[in-house]
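So the structure is just underneath, and the comments pick up after that.
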Amino acid sequence: SHVANQTYLDTFKQLGFEYVRFISVLDGRTSKLCAHLDGTVWRIDDPAKRVPPLHPNCRSELVPVKKDGQLIGERPFVMDERRVKDIPKEERSQLIGQLDANTTFKEFFKKTDDFFQREWLGPKRYKLYKEGKFDFDKFFDPEGRLY
Numbered sequence: 001s002h003v004a005n006q007t008y009l010d011t012f013k014q015l016g017f018e019y020v021r022f023i024s025v026l027d028g029r030t031s032k033l034c035a036h037l038d039g040t041v042w043r044i045d046d047p048a049k050r051v052p053p054l055h056p057n058c059r060s061e062l063v064p065v066k067k068d069g070q071l072i073g074e075r076p077f078v079m080d081e082r083r084v085k086d087i088p089k090e091e092r093s094q095l096i097g098q099l100d101a102n103t104t105f106k107e108f109f110k111k112t113d114d115f116f117q118r119e120w121l122g123p124k125r126y127k128l129y130k131e132g133k134f135d136f137d138k139f140f141d142p143e144g145r146l147y
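Position 65 of the sequence shown, counting from 1, maps to 65 under full-length UniProt numbering, and the rest follow consecutively.
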């Protein structure tokens, strides 16, 4: 995956793109690190940019964008920690859908129900989040690691 992502970056450069945007999967299985970085835009030659895979089983990617970082279209979401194939068909219409492609994980998270938020954050972080003591971004240090 690392080799593939480096190849993609080289291709983006050859196509004339100067910026990349970090895209994580909008579901309950996304790591806290990838969720925190979702929507971040870097110059393609920025040595500080984070290039997936960032951890085992990483599903995030970098996509080429213009300077404003805007994407067109929609992106899927799954408001559950289960794989789609493991979600009963009668539950899927409430848990699976599409959002604007520019929706970040943070914005998606705000739209999820309490059960999803508690499961994803864990009970202690969820309590702090709900009490307004910590915003979504405050759970991470500048490197994207959990506090």
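Note that CB positions come from ideal geometry on N, CA and C, so glycine has one too.
Within the region 75 to 140, the runs of alpha helix (DSSP H) that reach at least 4 residues and sit entirely inside it are, in chain order, 89 to 95, 105 to 111, 114 to 121 and 123 to 130. C58 is a Cβ neighbour of P52, given a cutoff of 8 angstroms. The residues Y129, in chain order, have a CB closer than 7 angstroms to that of L121 in the same chain once the five nearest residues on each side in sequence are set aside. Look at V20 here: in three-state DSSP terms it is strand. Annotated three-state conformation of L26 is strand, per DSSP. With contact defined as three or more Cβ pairs closer than 8 angstroms, the region 24 to 34 and the region 76 to 88 are in contact. For V3 against F12, the beta-carbon gap comes to about 15 angstroms, at or over 8 angstroms, which does not count as contact. Pairing W42 with K49, the inter-Cα distance amounts to about 6 angstroms.
The residue from F136, F22 and T112 with its alpha-carbon nearest to that of L71 is F22. Distances from the alpha-carbon of D38 to those of D135, G69, P56 and I44 put G69 closest. Beta-carbon to beta-carbon, E74 and Q98 are separated by about 4 angstroms, close enough to satisfy the 8 angstroms threshold. Scanning N102, E90, D45 and L54 for the CA closest to the CA of D10 turns up D45. Between the alpha carbons of H36 and D86 lies a gap of roughly 26 angstroms.
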